[in-house]
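A.B. asks: Numbering (the UniProt record's numbering), first residue to last: 1 to 235. For each residue, glycine too, the CB sits at the ideal point set by N, CA and C. In this text the structure is predicted, and so the values were computed from the model without any measurement. First, the structure itself, so that you have it in front of you.
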Amino acid sequence: MAPAEKEHPAQSLLARAHEPTTSSQIFREKVQNRPLLLRPSSPDPRENVRSQRQKARLEKQKASRKSKKPRPLTAKQKRLLGVYDIPKDQRKYDIYLPIWKLWCAYMREILAMDKSRYVNAAAVGPLLASADYHGAMVDVVRCRCVGRVGIKGIVVKDTKFTMEIITQKNELKTVPKEYTVFRFEIPFAEEDSDGDNNMAEPRKLFVFELHGSQFENRPADRANRKFKQHIDPDL
């Protein structure tokens, strides 16, 4: 014969305090069918001790950070969001024409054209090398890609390796600096810088040529860089 099954101690105690029907229901719901809850903070067995220490260290650093400001965008995020892209409705030549006039006044000031009109390569060369060319009206006079020769317009973006130019036809052209020669003009007087190329009398201009291969730097980096004269092998 099979041994008689022992009565659970909790069931005998409940039978003393309640009726048989009530005691059976309480025993079934509270004892037999009671769910077993695991700790939610139990460590993941797939993580080793090293990853646990690294995770705890990162959480501690995050909690101890004083500044709660959001971190700045990375270069990849800026490219995806198009932060520096010029909208199509802003690609108009007339919008940037006043900027060219301001740029001419800026160049006349750094070259001291109001005091002297004599140009010395040793004196003005470093100034031209470190100048900012956002707003300059440039003309592509030499390039290994013949199709880019003749592009003329205002520089709206000067990056490390390219120049983005808005033409008079409201077209945005991206021209690489490498193996490209840009020509730009600076009027002597402010009243001459009206942007009209069909004047009866010829304007008095300073004409310079910029070799893009020697300017493969960001404008902010060129401002603090010291340039030395050397022979360009591509000339």
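(1) What is the rounded straight-line gap between the Cα of S130 and the Cα of K204?
(2) Can you name, in chain order, every residue of its own chain whose Cβ lies under 7 Å from the Cβ of V175, other than the five neighbours on each side?
(3) Quickly, what does DSSP pair D132 with across the bridge? List them, please.
(4) What residue does the beta strand (DSSP E) around E7 start on, and which one ends it?
(5) Quick one: residues in its chain with C-beta nearer than 7 Å to the C-beta of L172, no 5 flanking neighbours on either side, listed in chain order?
(6) Drop a sphere of 10 angstroms on the beta-carbon of Y118, count the other beta-carbons inside from all chains shown, and report buried for 16 or more, exposed for fewer.
(7) Out of S51, N217, A75, which one is the CA nearest neighbour of T159?
(8) Whole angstroms is fine: what's the gap from N170's alpha carbon to R53's?
(9) So M137 and F188 are supposed to be a Cβ contact under 8 Å. How far apart are they, rounded?
(10) Roughly how many angstroms lie between the CA atoms of R222 and R50, to the nearest whole one?
(11) Using only the alpha-carbon positions, how far apart do W100 and Q77 sit?
(12) Just how far apart, CA to CA, sit F27 and A10?
(13) Less than 8 Å between the CB atoms is what I'm expecting for F215 and K157, so what's the real figure, rounded?
(14) Give a yes or no on whether the C-beta atoms belonging to Y96 and I186 are separated by under 8 Å.
(15) Can you give the Cα-Cα distance for V124 and C145, rounded to whole angstroms?
(16) With H, G and I counted as helix, E and B as strand and the rest as coil, what does DSSP make of C143?
(17) Hey, could you find the ends of the beta strand (DSSP E) M163 is sitting in?
(18) Count the other C-beta atoms from every protein chain shown that fall within 10 angstroms of the C-beta of Y133, then say buried if there are 16 or more, exposed otherwise.
(19) Indicate the three-state DSSP secondary structure (helix, strand or coil) for L58 in the structure shown.
C.D. replies: A quick look at the data gives this:
(1) 24 Å
(2) V140, R148, I151, T162, M163, I165
(3) BP columns for D132 are empty, so no partner.
(4) Where E7 is concerned, there is no enclosing beta strand (DSSP E), given that its DSSP letter is neither H nor E.
(5) I86, R91, E164, I166
(6) exposed
(7) Minimum Cα distance to T159 is reached at N217.
(8) 58 Å
(9) Rounded, the Cβ-Cβ distance is 15 Å, inconsistent with contact.
(10) C-alpha separation (whole angstroms): 46 Å.
(11) 31 Å
(12) 7 Å
(13) Their Cβ separation, rounded to whole angstroms, is 14 Å, which puts F215 and K157 out of contact at 8 Å.
(14) no
(15) Their backbone Cα atoms lie some 30 Å apart in a straight line.
(16) Residue state, collapsed to three classes: strand.
(17) 162-167
(18) It is buried - the Cβ of Y133 has at least 16 other Cβ atoms within 10 Å.
(19) In this structure, L58 counts as helix in the three-state DSSP scheme.
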